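Residue numbers (this note's numbering): 1 to 176.
Here is the structure:
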């Protein structure tokens with residue numbers, strides 16, 4: 001119930017209430033921290049989300065894949081290349097992207113796409129492409145993140161190249 005309340009307070013921009021509730025929990029966990037971090041991001045408070053992430057780690061809580069998905073979004077919103085690269089290194093150290101094909105789950109796919117999206121938003125398109133190409137599993141959503149990034153940064157030729165490469169891998173385009 002407490003995590004749901006933290007999430008509700010954050011969605012209503014009552015961050016001091018959400019933070020107070022989190023601090024007063026007898027047992028804090030990564031899920032309750034994720035609720036606050038996600039709330040900051042939903043309200044476009046990227047720097048506060050990053051600060052919260054750092055506090056969570058200082059308190060001894062270990063980030064999970066959902067935490068990293070959220071914090072990568074914050075890094076992209078804040079255009080914080082340095083923090084984004086640090087997060088990427090931490091994800092690699094934890095092996096969150098090195099899943100065997102049979103172990104691939106939704107969080108692995110979303111995490112990989114979140115990395116691509118973060119690098120795109122930070123204007124690091126070659127790095128975004130390298131990350132995409134190194135993913136053990138790519139789907140239309142991860143390709144769309146890169147294609148949209150090239151289009152946003154006015155690199156239409158590269159966007160078309162990615163579109164063709166995606167199709168050559170047997171991935172069909174969608175409406176996006």
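Glycine residues also receive a C-beta, built at the ideal position from the N, C-alpha and C atoms. Here the structure is a predicted model, which is why all the values come from computation and not from measurement.
query: Output the distance between the C-alpha atoms of residue 106 and residue 169, rounded to the nearest integer angstrom.; result: 20 angstroms
query: Quick check on DSSP: helix, strand or coil for residue 100?; result: Caution is warranted here: a pLDDT of 43 is assigned to residue 100, below 50, making its placement in the model unreliable, and no coordinate value can be reported.
query: Any idea what DSSP makes of residue 153, helix, strand or coil?; result: coil
query: Taking just the CA atoms, how far does residue 63 sit from residue 57?; result: 7 angstroms
query: Measure how close the beta-carbons of residue 116 and residue 97 come, nearest whole angstrom, since I'm counting them as under 8 angstroms.; result: That pair is no contact at about 11 angstroms.
query: Helix, strand or coil for residue 148 per DSSP?; result: helix
query: Using C-beta distances below 8 angstroms, list every residue in its chain close to residue 127, excluding the 5 sequence neighbours before and after it, in chain order.; result: 119
query: Would residue 125 and residue 149 qualify as a contact pair, given that the criterion is a beta-carbon distance under 9 angstroms?; result: yes
query: Would you give the residue range spanned by the alpha helix (DSSP H) that residue 112 belongs to?; result: 106–121
query: Kindly indicate which three-state DSSP category residue 37 falls into: helix, strand or coil?; result: helix
query: Report the residue ranges of all beta strand (DSSP E) runs contained in full by the region 50–101; include only those spanning at least 3 residues, in chain order.; result: none
query: Rounded to whole angstroms, what's the CA-CA distance from residue 43 to residue 13? Just pull it up for me.; result: 7 angstroms
query: Alpha carbon to alpha carbon, how far is residue 53 from residue 156?; result: 35 angstroms
query: Closer than 8 angstroms by C-beta to residue 142: which residues in its own chain qualify, once you throw out the five before and the five after it? Chain order, please.; result: 109, 112, 113, 116, 132 and 135
query: How big is the Cα-Cα spacing for residue 81 and residue 140?; result: 25 angstroms
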